[in-house]
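Take the sequence shown: its letter number 275 is residue 275 in full-length UniProt numbering, and every next letter is one higher.
Virtual Cβ for every residue (Gly too), placed ideally from N, Cα, C.
Just below is one structure, and these are the notes that go with it.
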Amino acid sequence: MIEDSPFVAAAPVLVPMPAERPYTYAVPAGMRVVPGSIVRVPLGPRQVAGIVWDGAVETVDAKKLRAIEQVFDCPPIDRSMRRFVDWVAQYTLSAPGMVARMLLRAPEAFDPEPWIEGLQRTLIVPDRMTDARARVLETAEGGLAWTRSGLAHAAGVSSTVIEGLKAQGVFETVMIPPRPVVAAPDPSYAVPELMPDQSDAASMLRANVAAGAFNVALLDGVTGSGKTEVYFEAVAAALDQGKQVLILLPEIALTHAFLERFQQRFGAKPGEWHSDLPPRMREKVWRQVAEGTVRVVAGARSALFLPFKELGLIVVDEEHDPAYKQEDRVFYNARDMAVVRGHIGGFPVVLASATPSVESRVNASQGKYNRAILSARFAEAALPQLKSIDLRRAPPARGGFLSPVLIDHMRKTLEKKEQSLLFLNRRGYAPLTLCRVCGHRFGCPVCSAWLVEHRFRGQLVCHHCGHNERRPEACPECGTLDHLVACGPGVERIAEEVVTHFPDARTIVLSSDLMGGVRRLRLELEAIADGEADIVIGTQLVAKGHNFPNMTLVGVVDADLGLANGDPRAAERTFQLLSQVTGRAGRTGKKSLGLLQTFQPDHPVMRAIVSGDAEAFYEREIAERERAALPPFGRLAGVIVSAVTRAEAEGHARGLRRAAPEASDLFVLGPAEAPLSLLGGRHRFRLLIQGERRADMQGFIRTMLANGPKQRGSVRVQVDIDPQSFL
Numbered sequence: 001m002i003e004d005s006p007f008v009a010a011a012p013v014l015v016p017m018p019a020e021r022p023y024t025y026a027v028p029a030g031m032r033v034v035p036g037s038i039v040r041v042p043l044g045p046r047q048v049a050g051i052v053w054d055g056a057v058e059t060v061d062a063k064k065l066r067a068i069e070q071v072f073d074c075p076p077i078d079r080s081m082r083r084f085v086d087w088v089a090q091y092t093l094s095a096p097g098m099v100a101r102m103l104l105r106a107p108e109a110f111d112p113e114p115w116i117e118g119l120q121r122t123l124i125v126p127d128r129m130t131d132a133r134a135r136v137l138e139t140a141e142g143g144l145a146w147t148r149s150g151l152a153h154a155a156g157v158s159s160t161v162i163e164g165l166k167a168q169g170v171f172e173t174v175m176i177p178p179r180p181v182v183a184a185p186d187p188s189y190a191v192p193e194l195m196p197d198q199s200d201a202a203s204m205l206r207a208n209v210a211a212g213a214f215n216v217a218l219l220d221g222v223t224g225s226g227k228t229e230v231y232f233e234a235v236a237a238a239l240d241q242g243k244q245v246l247i248l249l250p251e252i253a254l255t256h257a258f259l260e261r262f263q264q265r266f267g268a269k270p271g272e273w274h275s276d277l278p279p280r281m282r283e284k285v286w287r288q289v290a291e292g293t294v295r296v297v298a299g300a301r302s303a304l305f306l307p308f309k310e311l312g313l314i315v316v317d318e319e320h321d322p323a324y325k326q327e328d329r330v331f332y333n334a335r336d337m338a339v340v341r342g343h344i345g346g347f348p349v350v351l352a353s354a355t356p357s358v359e360s361r362v363n364a365s366q367g368k369y370n371r372a373i374l375s376a377r378f379a380e381a382a383l384p385q386l387k388s389i390d391l392r393r394a395p396p397a398r399g400g401f402l403s404p405v406l407i408d409h410m411r412k413t414l415e416k417k418e419q420s421l422l423f424l425n426r427r428g429y430a431p432l433t434l435c436r437v438c439g440h441r442f443g444c445p446v447c448s449a450w451l452v453e454h455r456f457r458g459q460l461v462c463h464h465c466g467h468n469e470r471r472p473e474a475c476p477e478c479g480t481l482d483h484l485v486a487c488g489p490g491v492e493r494i495a496e497e498v499v500t501h502f503p504d505a506r507t508i509v510l511s512s513d514l515m516g517g518v519r520r521l522r523l524e525l526e527a528i529a530d531g532e533a534d535i536v537i538g539t540q541l542v543a544k545g546h547n548f549p550n551m552t553l554v555g556v557v558d559a560d561l562g563l564a565n566g567d568p569r570a571a572e573r574t575f576q577l578l579s580q581v582t583g584r585a586g587r588t589g590k591k592s593l594g595l596l597q598t599f600q601p602d603h604p605v606m607r608a609i610v611s612g613d614a615e616a617f618y619e620r621e622i623a624e625r626e627r628a629a630l631p632p633f634g635r636l637a638g639v640i641v642s643a644v645t646r647a648e649a650e651g652h653a654r655g656l657r658r659a660a661p662e663a664s665d666l667f668v669l670g671p672a673e674a675p676l677s678l679l680g681g682r683h684r685f686r687l688l689i690q691g692e693r694r695a696d697m698q699g700f701i702r703t704m705l706a707n708g709p710k711q712r713g714s715v716r717v718q719v720d721i722d723p724q725s726f727l
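Right under this line is the structure:
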């Protein structure tokens, strides 16, 4: 057993690989390690970083132990974070080493940042004075240390002026500690005036923070109600208590606008953490979070595994968003894990959404979460009037996808010099391309999916594995020229139709796979907010928290799209997505309209959105979930078996099914071919395990995997506890 203070002869070290337990390493004489120390150890022929873990060391012949090579000069990972790693591994049935790997993603940050050479004013006076030198001396008054380039820039002089003064002894060399990546936020910088319901909600959140204990608050407010300003008050309260804060956001594209809002409130930006961050900046943020220099981080789901020194609050914005679910290596939902992180650390968690998940609504109704409701938009701005367009009665023109009713409202919006948004959750130009002569359909060679045409790029692309090829002129099956036809619309095709109706309108297409990546996307979002576009056509990216002041019309091109699959969350997801996207209209008080093109105007989801009766929808959806014993009233887990051949995958899946233990509160469905049966050249079969809420799902699956066939050859098994996707 290793203690927190004495030296030890051996220590358990968790390494970032699929290891089920820590490995034992010798601790050389004179080296001191404690639980949480980040160390460098030999692993096979490599050197890897690992974390000294809790618990007893294995009884191993000391002569066979390999020694820890180095203890990094880095704050140890604290006990609550180590417990969190163990909890995530146990709950998700992942190897603890793979969870620890997410914590160790910035290896260059394990050593301290080097200090910077700087200059400081001495008492020596220069032999002669010039205007440039006078500006330098005035700037350097007060005894602060400066970098050469910083002082030259601030004084408006060249570096040769600085060097000349240094040569005369006017400045001496000093070492400056590394600069913080962001300035410290000021909780009292720009305290807002809140509306009465905002003030009540903010008071509840501040009280939760003041209590200094674990609790969860659901901030449930309509789009445009000012939820961000409310939870900023909880952030301010945590900062006043000397705590660090983590704010999770579902999309990188949201980050830039959020940073600006945060700076307006606190006078400084938060630290950022997401996949688009340059490696050097990631290392700085990781290190300064561990040291406590960065007080607030705004980031994607992986920010949950940053080694905070004094974490005292987590906010999960847009808590319902599917982007919080990771479905690679370690399958986890960052919203749920944020709640666990707060419980282990003993601090509050805030979940915010205009369309909360059914799970969060049920937890609030059962008293597990506190719920604060914001039922009106900020500054009394009206919610958009919502109507459905029955495509059976007002169909689009032949070859088109926009109803004459929607086109007419777009024309009126343009005449008022206001903006329209057309939403279609399909990237590219068309989801399917086929030959009119022989019927050949263009499919992915390694996935059971059709290739999506991207006409802007002249390519056919698989959105699952990334395979792409040039769109040919002739059919590869029959050789016929000019008979390839695009079936169905994507956003690019809708843009083409818009241009035919409104050739003089400024049109922007927003999609995650457009050339230019996140940077271009941010610039175009800013352009829309500044009124530099008349018509915006976009995928689900446009539904996420953006504020477009002049947007008064939202048209949903295919409101039925999300209802056409067997996902048990299809109705909830469609309701959330359509509510969010129509909520982009009228946020600054102008009269606004949302139009939903649908073949099912009487569907409960459509009726709930058009009537504005969200409570009726939630009541119906919750009752259906309870009747079917689906989450949160029951438990689900998916087991995905994949292999290079179909026979291997099916055989292994059937072997697992036979190995399932007897249980009265759990049963296994399948195996069956996954809806996406071939992905990246691998055949896939799924088992779905359903059970009662209190059933030991993890124990059941562990037994099934232990008793089932061993993974051999190309077979791989992935476990997804609480699945969000059923493809």
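Would you please state the rounded distance, in angstroms, between the beta carbons of residue 82 and residue 25? I believe it to be under 8 Å.
That belief does not hold up - the Cβ atoms of residue 82 and residue 25 are roughly 17 Å apart, past 8 Å.
Measuring straight from C-alpha to C-alpha, what distance separates residue 93 and residue 581?
36 Å
Here's a check: name, in chain order, each residue in its chain whose Cβ is nearer than 7 Å to the Cβ of residue 3, leaving out the five neighbours to either side.
Confidence in residue 3 is poor, its pLDDT being 44 and thus under 50, which makes the residue's placement unreliable; the coordinate value appears in the next sentence. Excluding residues within five positions, none has a Cβ falling inside 7 Å.
Determine the DSSP secondary structure at residue 86, reduced to helix, strand or coil.
helix
I need the boundaries of the alpha helix (DSSP H) containing residue 286, first residue and last residue.
279-291
Helix, strand or coil, according to DSSP, for residue 2 in the structure here?
Caution applies to residue 2, whose pLDDT of 48 falls short of 50 and renders its modelled position unreliable; the value that the coordinates give is listed next. DSSP places residue 2 in coil when its eight states are reduced to three.
Name, in chain order, the residues that DSSP records as bridge partners for residue 719.
639
Would you call the CB atoms of residue 498 and residue 528 closer than 8 Å?
no
Within the stretch 609-668, ranges of the beta strand (DSSP E) (whole runs, at least 3 residues)
634-643
Beta-carbon gap between residue 410 and residue 420 smaller than 8 Å
yes
If you measure between the beta carbons of residue 460 and residue 198, is that distance less than 8 Å?
no
Looking at the secondary structure, which residues open and close the alpha helix (DSSP H) in which residue 363 lies?
358-365
Residue from 575, 635, 431, 51 with nearest C-alpha to residue 621:
575
May I ask you to verify whether the stretch 199-219 touches the stretch 151-171, counting CB pairs closer than 8 Å and requiring at least 3?
no
Between residue 583 and chain C, is there a C-beta pair that is closer than 8 Å?
In the displayed structure, chain C is absent; only one protein chain is listed.
Can you tell me whether residue 731 is buried or exposed, with buried defined as 16 or more other CB within 10 angstroms of its CB?
Because the chain spans 1 through 727 in this model, residue 731 falls outside it and cannot be assessed.
Which same chain residues end up closer than 6 Å to residue 728 when comparing Cβ atoms and leaving out the 5 residues on each side of it in sequence?
Since the first and last residues shown for the chain are 1 and 727, residue 728 lies out of range.
Between which two residues does the alpha helix (DSSP H) carrying residue 98 extend?
96-103
Among 160, 121, 195, 211, which residue has its Cα nearest to the Cα of residue 174?
121
For the beta strand (DSSP E) that contains residue 453, what are its first and last residues?
452-454
Give the range of the alpha helix (DSSP H) segment to which residue 708 is assigned.
No alpha helix (DSSP H) contains residue 708, which DSSP labels as neither H nor E.
Residue from 703, 88, 9 with nearest C-alpha to residue 63
9
The beta strand (DSSP E) enclosing residue 153, as first and last residue numbers
No beta strand (DSSP E) contains residue 153, which is instead part of the alpha helix (DSSP H) from 148-155.
CA-to-CA distance, residue 469 to residue 483, given in whole angstroms
18 Å
Compute the beta-carbon to beta-carbon distance between residue 185 and residue 296, rounded to the nearest angstrom, for a pair I have assumed lies under 8 Å.
6 Å
Buried or exposed by the 16-neighbour rule on C-beta atoms within 10 Å, applied to residue 6:
Any reading at residue 6 needs caution, since the residue's pLDDT is 38, under 50, leaving its predicted position unreliable; the model's value is listed next. Per the 10 Å Cβ criterion, exposed.
Given 8 Å as the limit, is there contact between the stretch 303-317 and the stretch 177-184, that is, 3 or more CB pairs closer than that?
no
Can you give me the C-alpha to C-alpha distance between residue 323 and residue 336, rounded to a whole angstrom?
13 Å
Beta strand (DSSP E) containing residue 333: first to last residue?
330-333
Going straight from the alpha carbon of residue 390 to that of residue 301, what length do you get?
39 Å
For a test of the three-state rule: what should DSSP assign to residue 469, helix, strand or coil?
strand
What three-state label does DSSP hand residue 346 in the structure shown?
coil
Between 495, 474, 494, 491, which has its C-alpha nearest residue 485's C-alpha?
474
Residue 298 vs residue 258 beta-carbon contact at 8 Å
yes
Three-state class that DSSP yields for residue 7 in the structure shown
At residue 7 the pLDDT is 40, less than 50, meaning the model places this residue with poor confidence and gives no usable figure here.
Three-state secondary structure (DSSP) at residue 372?
strand
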